[in-house]
Amino acid sequence: MGLSTEVLLQLLFNGLIAGATYAVAAVGYHMVYGALKFVNFAHGSVAVFGAYIAWSFSVGFLHLGLVPASILAVALTAGLGMFIERVAYLPLRNAPKLAPMATAMAIALMLDATIMMVIGSDIKRFDTPVLRGMQFGAILVTPVQLAILGMSIFFLVAVWLLLSLTRLGKAIRAVADNQDLAQACGINSDRVISATFGIGSALAAGAGVLIGMDVALHPTMGFVIMVKSYAAVVLGGMGNVLGAVIGSLMIGLAENLGVWVIPPVWKDAIAYGILIIGLFIRPTGLFGKKEEISATVLGG
Amino acid sequence: MTKRSGILTTVLVVLAMALSAAPSRGATPYKIGFSGPLTGDGAYYGEASKEGIELAVEEINKAGGIKGVPIQVVYEDDRNNTADAQTVLLKLAQIDKVPLIIGINTSSVTMATCKKAQELGVVQYSIGSNPKIGQSCSDYSFLLQGNDLEQGLEFAKIGQSLKLDKAVVVYMNNDYGIGNKNAFVDSAKKAGIQVLAEVPLQPEGKDYRTEVLRVKSLNPSLVAFVAYGAEGSVFLRQAKELGLQAAFVGDTNWGDDSMWKLAGDALVGMIALQAGAHTSPAYQKYAAAFRAKYKKDPSIWSEYFYDEIYLAAKAIEMGGYTGAGIKEATKKICASFVGASGPKQLDARNYVRWSFDWVKWTAGGKLVPVSK
Numbered sequence: 000m001g002l003s004t005e006v007l008l009q010l011l012f013n014g015l016i017a018g019a020t021y022a023v024a025a026v027g028y029h030m031v032y033g034a035l036k037f038v039n040f041a042h043g044s045v046a047v048f049g050a051y052i053a054w055s056f057s058v059g060f061l062h063l064g065l066v067p068a069s070i071l072a073v074a075l076t077a078g079l080g081m082f083i084e085r086v087a088y089l090p091l092r093n094a095p096k097l098a099p100m101a102t103a104m105a106i107a108l109m110l111d112a113t114i115m116m117v118i119g120s121d122i123k124r125f126d127t128p129v130l131r132g133m134q135f136g137a138i139l140v141t142p143v144q145l146a147i148l149g150m151s152i153f154f155l156v157a158v159w160l161l162l163s164l165t166r167l168g169k170a171i172r173a174v175a176d177n178q179d180l181a182q183a184c185g186i187n188s189d190r191v192i193s194a195t196f197g198i199g200s201a202l203a204a205g206a207g208v209l210i211g212m213d214v215a216l217h218p219t220m221g222f223v224i225m226v227k228s229y230a231a232v233v234l235g236g237m238g239n240v241l242g243a244v245i246g247s248l249m250i251g252l253a254e255n256l257g258v259w260v261i262p263p264v265w266k267d268a269i270a271y272g273i274l275i276i277g278l279f280i281r282p283t284g285l286f287g288k289k290e291e292i293s294a295t296v297l298g299g
Numbered sequence: 000m001t002k003r004s005g006i007l008t009t010v011l012v013v014l015a016m017a018l019s020a021a022p023s024r025g026a027t028p029y030k031i032g033f034s035g036p037l038t039g040d041g042a043y044y045g046e047a048s049k050e051g052i053e054l055a056v057e058e059i060n061k062a063g064g065i066k067g068v069p070i071q072v073v074y075e076d077d078r079n080n081t082a083d084a085q086t087v088l089l090k091l092a093q094i095d096k097v098p099l100i101i102g103i104n105t106s107s108v109t110m111a112t113c114k115k116a117q118e119l120g121v122v123q124y125s126i127g128s129n130p131k132i133g134q135s136c137s138d139y140s141f142l143l144q145g146n147d148l149e150q151g152l153e154f155a156k157i158g159q160s161l162k163l164d165k166a167v168v169v170y171m172n173n174d175y176g177i178g179n180k181n182a183f184v185d186s187a188k189k190a191g192i193q194v195l196a197e198v199p200l201q202p203e204g205k206d207y208r209t210e211v212l213r214v215k216s217l218n219p220s221l222v223a224f225v226a227y228g229a230e231g232s233v234f235l236r237q238a239k240e241l242g243l244q245a246a247f248v249g250d251t252n253w254g255d256d257s258m259w260k261l262a263g264d265a266l267v268g269m270i271a272l273q274a275g276a277h278t279s280p281a282y283q284k285y286a287a288a289f290r291a292k293y294k295k296d297p298s299i300w301s302e303y304f305y306d307e308i309y310l311a312a313k314a315i316e317m318g319g320y321t322g323a324g325i326k327e328a329t330k331k332i333c334a335s336f337v338g339a340s341g342p343k344q345l346d347a348r349n350y351v352r353w354s355f356d357w358v359k360w361t362a363g364g365k366l367v368p369v370s371k
């Protein structure tokens, strides 16, 4: 089917919005991976849990506005992430990497089940208005999409500033780089890992809210968020925040453009397709370092 | 009496008293199996089904059950997933030993389980509506909503009535959607409506903007819309955001008040099919009882399952508590049964003959009748 310039621009913009939401989740995922070097299967479920907290505060029970509800949700999910790290991952610090991975799967299932039991398993929406988009040249942009883009940029810039300019950020980078060396230099690595989980979970909650604003919420949508985050991080290159962002944008764009030419049943598989092709061409990912290759798949 | 024999005697006496206090064999409830989506994207339908079922069970048991024996529904969650539904079928048939399973929500689940159900001697009451069910399933499967061929024909009638001659059909990419889509495409050709494209929606999708743009780029005057509430509401909201301007005609899913909660303003202007008989005395009586019990208006899905329980009770009473007996009795009873969801006369392949009202969504979430 022919693709006009107008449609192409709209597809690119839609892909950018999807990619921006994935980027927030992927950066949080990247931080958690950096701290403990295992595939955190619970990351997507933490994102959805955070989004449901925001939904509960804004639509379900307390009827706060979306902004205060989201701030509360991000803060509470940060606490939840630190709690999970304390009770589930800290005792497994010296266990083989498969142990925390299996634990993460169990946590994902528990979080999904908790949402279903407490809130229900039907689709939930934030009270965002359904409005025809505003015309910017050939592109239609809704206020919700603009808000998503703005919030994504805010989250990403905040993380970049934190990692670049603060003592905590430097400690997080040091632990991610070499935990033993960081410990030897006087950094309390357990405390830094706990903080990393808090920040990673806060970003996950932010991504969950953005995805909920963009489309809808469902208790089991965490799995797809997790795999897209994982694909974005590996594609961008382990150990590089900018890589995770660019990987996410590539996946968002490819999904939206791809469905134009291939059946939609392939949409979620596109992320993996790009990942496989990308790694085939450049095994370290776009911005990855050579020493991260062996850690890419199972966090070994 | 030694201490040990004293204890033994006491235990035997207590056991005898407990057994004598247990209900007689005749009071053991008639179990009816339920296989439907209680979690997952289809949970909305499952919960609505359950409300209709519980109301009917309460009414029947309060009136003395089936010749004094109460009925009991064993609920199992199939998530509208064909693999889960097969596990549920085996569990209900072999462990709970039910001769009848109700609640089946989709064509896919019906087709995936009907042959095994027949082998096990279990009757299915389904609202699956794909035309292929009648070909691939036996007369143990009763399709109590209708046949999509009739729904597709009705879509084309609406297009003709509104003089809309360029259509795109947007459909769920599953047995339900494909059956309806094919029926619409056939009927549209006969009615002189040009079908510009067939656009599938992947089940459980959360973003359909590319699909919306595909439809928009074709500039159709009519969009025939065959979608479940969860996925369809995402498409409708994004269609509004992206400025897709065409007349939408929705399937029976969209003739239900509760869709407003999912899609809101994006529904305004849509014409939908409504399959019930909402002005009939049977519906009015049911709706009043539903409102009294649940303090809310009934969903259109509840009435089908409310009727399934009444049908099941009559079939067990007439044919006995066996699959073969229930099957034969259901055929006879359906000939004259008129429930809250309308009459249930069956055609040769066990589909209920369908009749539709046309309704239109207006601002504020009200459905108003459209004259044919």
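Taken in sequence, the protein lines are chains A and B.
Sequential numbering of the first sequence, starting at 0, is according to numbering that gives the first Met the number 0.
Sequential numbering of the second sequence, starting at 0, is according to numbering that gives the first Met the number 0.
From the three backbone atoms N, C-alpha and C, an ideal C-beta is built for every residue, glycine too.
Problem set entry | Residue interval of the beta strand (DSSP E) (run including T361 (chain B)) | 356-361
Problem set entry | Length of the line joining the Cα atoms of K169 (chain A) and Y271 (chain A) | If I take the Cα positions, the gap works out to 32 Å.
Problem set entry | Of the listed residues B:I270, B:K295, B:Y175, B:L217, nearest to A226 (chain B) (C-alpha basis) | B:Y175
For this session: Say whether chain B places a C-beta atom closer than 8 Å to the C-beta of Q9 (chain A).
Result: With its beta carbon less than 8 Å from one in chain B, Q9 (chain A) belongs to the interface.
Exercise. DSSP beta-bridge partners for L139 (chain A)?
Worked result: A:Q134
For this session: Check each residue of the region 141-159 of chain A: if its Cβ is closer than 7 Å to any Cβ of chain B, include it; give the result in chain order.
Result: T141
For this session: Check the Cβ of M115 (chain A) against every Cβ in chain B and list those closer than 8 Å, keeping chain order.
Result: T38
For this session: Can you give me the start and stop residues for the beta strand (DSSP E) that A281 (chain B) sits inside?
Result: It is not in any beta strand (DSSP E) - A281 (chain B) instead sits in the alpha helix (DSSP H) that spans 280-293.
Exercise. For the putative contact between D250 (chain B) and Q150 (chain B), defined by C-beta atoms under 8 Å, what is the C-beta separation to the nearest angstrom?
Worked result: The pair is a contact, with the Cβ atoms about 6 Å apart (cut-off 8 Å).
Problem set entry | Touching by the beta-carbon criterion (3+ pairs, under 8 Å), the region 353-368 of chain B and the region 161-178 of chain B | no
Exercise. Okay, do the region 41-52 of chain A and the region 214-231 of chain A touch, 3+ Cβ pairs below 8 Å being the bar?
Worked result: At 8 Å Cβ cutoff, the stretches touch.
Exercise. Any beta-carbon of chain A closer than 8 Å to the one on T209 (chain B)?
Worked result: yes
Exercise. Are the region 238-252 of chain A and the region 16-34 of chain A in contact at 8 Å, needing three or more beta carbon pairs?
Worked result: A contact exists between the region 238-252 of chain A and the region 16-34 of chain A.
For this session: Can you tell me the Cβ-Cβ gap for S193 (chain A) and R85 (chain A), rounded? I've got them flagged as a contact below 8 Å.
Result: 7 Å
Exercise. What separation, rounded to the nearest whole angstrom, lies between the Cα atoms of L241 (chain B) and Q134 (chain A)?
Worked result: 10 Å
Exercise. For the region 207-216 of chain B against the region 183-199 of chain B, are there 3 or more C-beta pairs whose distance is under 8 Å?
Worked result: Result yes; three or more Cβ-Cβ pairs closer than 8 Å.
Exercise. Going along chain A in order, which residues have a C-beta closer than 8 Å to the C-beta of Y43 (chain B)?
Worked result: Simply D121, I122.
Problem set entry | Where E254 (chain A) sits in the DSSP three-state scheme | helix
Problem set entry | Burial state of P22 (chain B), where buried means 16 or more other Cβ atoms lie within 10 Å | Confidence at P22 (chain B) is low in this model, with a pLDDT of 39, below 50, so the placement of that residue is unreliable and no value is reported for it.
Exercise. Can the beta-carbon of M212 (chain A) be found closer than 8 Å to that of A146 (chain A)?
Worked result: Going by beta carbons, M212 (chain A) and A146 (chain A) fall inside the 8 Å limit.
Exercise. With DSSP run on the structure shown, which of helix, strand or coil describes K30 (chain B)?
Worked result: strand
For this session: To the nearest angstrom, report how far apart A314 (chain B) and A187 (chain B) are at their CA atoms.
Result: 39 Å
For this session: Just the C-alpha distance for V73 (chain B) and S301 (chain B), rounded to the nearest angstrom, thanks.
Result: 17 Å
Exercise. P130 (chain B) CB to nearest chain A CB: under 8 Å?
Worked result: no
Exercise. Are the C-beta atoms of P297 (chain B) and some chain A residue less than 8 Å apart?
Worked result: no
Problem set entry | Opposing strand residues paired with E197 (chain B) [DSSP bridges] | B:V168
Exercise. Does the region 47-66 of chain A touch the region 233-246 of chain A, meaning 3 or more C-beta pairs lie closer than 8 Å?
Worked result: The region 233-246 of chain A is not in contact with the region 47-66 of chain A.
For this session: Would you list the residues sitting across from G338 (chain B) in a DSSP beta bridge?
Result: Beta-bridge annotation (DSSP): G338 (chain B) is paired with B:G341.
For this session: Tell me where the beta strand (DSSP E) around E75 (chain B) begins and ends.
Result: 70-76
Problem set entry | Coil, strand or helix - L142 (chain B) by DSSP | strand
For this session: Mind reading off the beta-carbon distance from S57 (chain A) to D121 (chain A)? Whole number of angstroms is fine, and I expect it under 8 Å.
Result: That belief does not hold up - the Cβ atoms of S57 (chain A) and D121 (chain A) are roughly 17 Å apart, past 8 Å.
Exercise. Between B:G67, B:A155, B:S220, B:Y43, which lies nearest to L381 (chain B) when the distance is taken from Cα to Cα?
Worked result: What the structure shows of chain B is the stretch from 0 to 371, and residue 381 (chain B) is not part of that stretch, so it cannot be assessed.
Exercise. What separation, rounded to the nearest whole angstrom, lies between the Cα atoms of C113 (chain B) and S107 (chain B)?
Worked result: 10 Å
For this session: Reducing DSSP to helix, strand and coil, say where L221 (chain B) ends up.
Result: strand
Exercise. Looking only at its own chain, which residues have a Cβ that is under 7 Å from the Cβ of S151 (chain A), when we skip the five neighbours before and after it?
Worked result: A19, T20, A22, V23, L209
Problem set entry | chain B within 8 Å of V23 (chain A), Cβ atoms only | no
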